[in-house]
Structure formats: structure tokens, C-alpha cells
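Note that the protein sequences, when read in sequence, are chains G and E. Here the first sequence is numbered in the numbering used here, starting from 1 and rising by one per residue. Here the second sequence is numbered in the numbering used here, starting from 1 and rising by one per residue.
2 protein chains.
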Amino acid sequence: MKEAEIVASFQRLFARQAPGLVQGIGDDCAVIRAGRATWLVTTDSQVEGVHFRRETTTPRRLGRKCLAVNLSDIAAMGGRPRYAFLSLGLPPDLPRVFLTSLRRGLREEAERYGVALAGGDTHRSPGGISLGLTVIGEAGSRIAYRSGARPGDALFVSGFLGQAAAGLKLSTEPNNPVGGLSPAYRRELVAAHQCPRPQVELGQFLVRRGYARAMIDLSDGLASDLGHLCRAGGVGARVYSESLPLSPALRAAAPLWGSSPEEMALQGGEDYQLLWAVPPALQESLPAQVKRHFGLVLFRIGEIIPQKRVLLKTSGRSRLLRFRGYDHFAAQA
Amino acid sequence: MKEAEIVASFQRLFARQAPGLVQGIGDDCAVIRAGRATWLVTTDSQVEGVHFRRETTTPRRLGRKCLAVNLSDIAAMGGRPRYAFLSLGLPPDLPRVFLTSLRRGLREEAERYGVALAGGDTHRSPGGISLGLTVIGEAGSRIAYRSGARPGDALFVSGFLGQAAAGLKLSTEPNNPVGGLSPAYRRELVAAHQCPRPQVELGQFLVRRGYARAMIDLSDGLASDLGHLCRAGGVGARVYSESLPLSPALRAAAPLWGSSPEEMALQGGEDYQLLWAVPPALQESLPAQVKRHFGLVLFRIGEIIPQKRVLLKTSGRSRLLRFRGYDHFAAQA
């Protein structure tokens, strides 16, 4: 069975409706109402041999990343992360210094984003390191779901795309032709994969100010996640090749694999940038507002259309954008 | 490193205090206040080769148990389980019928206890099946912590002990001398290990009525968990050998391994019964109340004493009760 099939079979198991459950499975977080508070809950794991290899990352980065990918889900709904619960599976042979660095990474990431590690369990894991995190966040008075996009909305992303996919290639392909890549570019791309920065404050800002009518974090890749956003909203999208945010590092690296940087930006996963839909009246003011508050340059990559398809427009010609979901059951980290 | 050492090193990582965090790591659940609601959160995993073997249990029982062990933590604080989040790691080669039965077990357990499966993630797990659950429960106006026991309190448990340890032996030791054991006893003991029944309703009743001043669920074994209860409360305990709840099945099985049933009841883990401390004024009325509401016979096994030690009294003679915590890093399931 393919992951998509397995996931679908387990999704039928999940509750669509239950008292207090505003949103079950199917968005970046579950949404739960408790009295006047609204909570966001997300679960994600990093498993050795599937999501990472011990030889190609550092335990400190691993500690940070396992928390970061969950914080990114909270960010995608505009929430404030509050509490984290860690399920830690460890092989019996891990050196003490590895555990010390892993703890350091977890602590750094938790402190940086104001998250309290509030519980967890530790168990032996013969198959390799397994880091399961559940993060509870607090929603403000507004929440951005995947489903809110409307035709005419502009699509924005919060940073460069394809970086993490290139970084993964660089760190795991022993014979890749990286001779032509500067050490600085190499470091930048590898860090993008191993050390993603969840856009937590930006997510809160966008939702609070009404700038994000629908939002998702880019974990599977732009093509795939934009597909999720469109399906959830019953809409489609048009993306402009020329507007894809491509870093100089990616432009230098992609040709080394015979890839185009545009293709890597569209298909590459794990960038953990935000993708969101902005209503017409706010499209002009948004970039300057974000520049002022966060010193961050946004990228406007396209718009929502009523036709239920995702199109890529290149030099005036449109084509249907196909995407491959990242299949953990087929692919190797 | 031993599990205790690893767990201790990670416990230092966890937040003792954070806004809204009433209880961090160190009890059966974390306790979080959100407005007027108080939530209980617990995380526990079932990992192939550590907590179970695929050959010796059924996928349906596995599905039930991975939820049950978490519900038991909610029960131990008197809470009502509400939402579950599943992190599911699957090897690529699992037959479809296995997944169907696993889902069935999860669904049955969730429905039985009124829990909504509200989210999760699915990933490939090359080392074997891994079932990580985080359960959120709702606390009533009272909560039973581990720390509330006072000298003079009576110690009660909710059912037979040592059953699960005997069941584990029966299901995993291929050459065990079970010839002398009736099939019914064998089934009873194996079911106790593979199909524990979390005492959710009893836990709520005990806490709501003030019957449980301190409580813990028996996952590591009576000796070990009573040690946790005493340490948390700054007290000690005296347990009477003659009062240990031993089933006829355990009495029949223990001698086959050259063990005493008392020793198995004291040291065996995973019974998932409740252990709690009852204030003096309520000790007389409790058993009849529980019999009336739940048709359940309780066992009074000893009492809390001011001296910080755990004593076992057998035929009038006391000895210090030693315990081995179950070490997942040393032991094999």
C-alpha cells in the first residue's frame, strides 16, 4: 500500500465531529474549543532512516527540527505555540554526547519560541532514533484554515523555496557534483533542510490583521501544498514561473543535478515557509507592512482562480501543474 | 546509559513552570489551565520489539492497548478523556488485513471511552510498528496528584495484580511450562497483558467524591509505582502480603516459573489498575460505594506511614520492599 492509501484508510478512522472539536484531521492542526479558549494541536515525527540520517545531520539540529516542524503547523493557523509533549525513542547505543546535544537543540528551539516542554515518554527504539512531538498552541480570535481562499485572492509565500530539497540532496548524495558550489551556498542549502525556521510570528501577524484568508505551511512542496489549499477551498490557482522565489544558492545548485531551480521550488518539500491567500483589498499594503514589522521580503507568486485546477504560467503559456506527494513509504530520506 | 539515567537527563529539560502549566512532567499527566477549563495531557507509545511482538498479539488488541495505556493515565488523575492524537509508524510490508484490524481496535477503544481521534501523522518505520498516542482529557473540579497521600491514609487497588506480567511470560516464552495451566487461566492472563481495561469511570468517581487523595496507575508494578506515590508525597507505606489481590489464575501460574504470586503482584508491570490513598474518614464507606456503583470489589492492601520507606509485612514480620523499575533499555518485550 502507498502512504496516500494508508493515510486515507486511517483518516476514515478519525472523528469529523465531536463535542468541542471545531476541526479534526485535514488541516495543519486540530482545533479544539475549551470554554473561551481555542487550542490548536498538531503531531509530527522525525524518524531515523525516514526523515533523517544520523550521519548527515547533528543531534542539535535534529532536536531543533523535530520541534520546528510542529511549530510550523501552529504558525500556519496563526497560533501561538504553548506546550510540547515529546515521545522519545532511542537506540541503546547512543553516545552520551549525542543525547546532550539533542537536549540542547530541543531546549534552544523551545526557548526561542516560548514553548514549555510539558511532558513526554522515553523508550528504547531498536530501529533507530524516533522523535515524536505533539504541540499545543493557542489560537487568537481569528484562525486561518486551509479552506478560506476565494477567487481573486493573491498567493504569497514567506521565503525562498526548493532550498530544503537541495540541502537534502547535498547532505545525502555522497557522489553529488558539488564541486562547482561555493561552501557558503552549500551551508545555506543544507541549513535550510536541517534547520528550518518556523514562521511563527509572521503567521500570527498575518491572521490577526486579516492578511491570510487561507494558509498552509510548505512541508510537502509548493505544488502539493497549493493543491491541498485549493482542494480545501473548492478553488484553483495560477502560479507564475517568473515569480517563484529562487535563491542564488538554488540557482547555482540546481543545474549541477540537471534540474531547473523552478522545478525544485515547485516540487521540493520541507521548506516550512508559509503559503497564504490575501483578499484583494489588502494585497497592496501587505508587503510594506511585513517589511516594516519583520524586515522580511514577501513573494507574490500567483492568484486564486475559480476553476478547480492549479496552473503554472511560463512566458505567457499555461500548463497544468502536476505534483508528486512526498511518499514516506516509497522514498528514502 | 540506563533508562532511568536517560529519563532523568531529559526530565531536566522539561519546564517545571510556565504560564498555565499547573503540573509539568512528574505525574501521570501534565495539567494545563485554559480559562475555566483544566486539561490533562499524556503521551505514551507502543513500539514493536520493545512493548510488544507482532507474533504474540493481535493487531486489534494492539490498537486497543495503545489507546488504553494513555486512558489509564487520564484515569489516574480523575479525568475524562476527550481527544486522541496518533503518530503511526508502519513498516512498508504490513498486510492490509493487519491495518484493518489495527484500525478496528483503535476505533473500538475510542468509542468505548468516548474519545475522539482528532489528529495524527503517518510515516514509514523501518524498525517496526510504532504507535505513539497523545491523549487530552478534561479534569473535573478536583484532580488527584501523586503527591497528596498523608500518614493514616489507606491504600486501595482496583483489581488483581501480577496478571499482565504472567500474561507476558505466557505469550512470549516459547518453552514455558504451561502444560499445567488451564486454557481459561491462560486466556485470562494473556488478555490482562494484551487487553488492559483502563479504570476511567472509577478514577472519575474516586476523585469527584474525595475518595482518592493521591492516585497513580500501575504501569511499572506495585512496588515501583507505590515508590513513586510515596516519594511524591514525602511519605512511606506499609503493604500486607496477605492483602495483595491475587487471582486464582496467577496462583496457578506463578509456581510454574518457580515464582511466588506475591512477588509477581509486587514487581509485575502493566496491570493498569489504580492505586490510591483514602483519607481515614472515608475508608469504611468506600468499598460498599464502589460495589454499588460499579459492581467492583476493591482491595485494601496497606496504609501510608510517616517514615519514608516502603515496607512489606508478611506473617507479622516487616521487610524493606525493593523494586526494580522496568527498564526498557535493558529488557526485551
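Yeah, the Cβ is synthetic: ideal placement off N, Cα and C, and Gly gets one too.
Item	Value
Buried versus exposed call for G/Lys-65 [16 or more other C-beta atoms within 10 Å across all chains shown]	buried
Straight-line Cα distance separating E/Val-278 from E/Gln-307	18 Å
Any C-beta of chain E under 8 Å from that of G/His-123	yes
Closer than 8 Å to chain E by CB, G/Ala-15	yes
Contacts that G/Thr-336 makes with chain E (C-beta to C-beta distance below 9 Å)	Residue coverage of chain G in this structure runs from 1 to 333, which leaves residue 336 of chain G outside it and unanswerable.
Where E/Ala-116 falls: helix, strand or coil (DSSP)	strand
Proximal residues, the stretch 87 to 116 of chain E versus chain G, C-beta separation under 7 Å	Ser-87, Leu-88, Gly-89, Leu-90, Pro-92, Arg-96, Leu-99, Arg-103, Leu-106, Arg-107, Ala-116
CA-to-CA distance, G/Tyr-272 to G/Leu-218, given in whole angstroms	5 Å
For G/Ser-337, three-class secondary structure by DSSP	As shown, chain G starts at 1 and ends at 333. That puts residue 337 of chain G outside it, with no answer to give.
G/Ala-288 burial status per 10 Å Cβ neighbour count (16 or more: buried)	exposed
Alpha-carbon spacing of G/Gly-268 relative to G/Ala-184, whole angstroms	21 Å
Cβ-Cβ separation, E/Leu-274 to E/Met-215 (assumed contact under 8 Å), whole Å	6 Å
Selected residue, minimal CA-CA separation from E/Ala-149, among E/Gly-49, E/Ala-165, E/Arg-238	E/Arg-238
E/Ser-243 vs E/Arg-300 beta-carbon contact at 8 Å	yes
Minimum Cβ-Cβ distance from E/Gly-20 to chain G less than 8 Å	yes
Beta strand (DSSP E) segment containing E/Lys-313, residue limits	310 to 314
Other residues of its chain near E/Phe-294: CB distance less than 8 Å, five sequence neighbours each side excluded	Glu-201, Leu-202, Phe-205
Euclidean distance between Cα positions of E/Thr-172 and E/Glu-55	9 Å
Contacting positions in the stretch 150 to 177 of chain G - beta carbon closer than 9 Å to chain E	none
Residue-level contact to chain E via CB, G/Val-7, 8 Å cutoff	yes
Residues bridged to G/Asp-27 (per DSSP)	G/Ile-25
Chain-ordered neighbours of G/Ile-143 on chain E, where CB pairs are closer than 7 Å	Those do not exist, as G/Ile-143 stays about 15 Å from chain E at its closest Cβ, beyond 7 Å.
Chain G within 8 Å of E/Arg-36, Cβ atoms only	yes
Inside the stretch 212 to 260 of chain E only - beta strand (DSSP E) runs reaching at least 3 residues	214 to 217, 236 to 240
CB contact check: G/Ile-216 to chain E, cutoff 8 Å	no
Per-residue burial, G/Asp-225 [other beta carbons within 10 Å of its own, 16 or more giving buried]	buried
Closer than 7 Å at the beta carbon, the chain E residues around G/Gly-127	Ser-125, Pro-126, Gly-127, Gly-128
Of the listed residues E/Gly-78, E/Ala-252, E/Leu-250, E/Tyr-240, nearest to E/Ser-315 (C-alpha basis)	E/Tyr-240
Any C-beta of chain E under 8 Å from that of G/Arg-300	no
DSSP three-state assignment for E/Arg-361, whether helix, strand or coil	What is shown of chain E runs 1 to 333, which leaves residue 361 of chain E out entirely.
Assigned secondary structure, G/Ser-45 (DSSP; H/G/I helix, E/B strand, else coil)	strand
Chain-ordered neighbours of E/Trp-39 on chain G, where CB pairs are closer than 7 Å	Ala-34
Three-state secondary structure (DSSP) of G/Pro-81	strand
Chain G contact for E/His-328 (CB, 8 Å cutoff)	Because the pLDDT of E/His-328 is 46, which lies under 50, any placement of that residue in the model is unreliable, and the question is left without a value.
Distance, G/Ile-32 Cα to E/Arg-33 Cα	14 Å
is_contact[E/Val-200, chain G] using C-beta, thresh 8 Å	no
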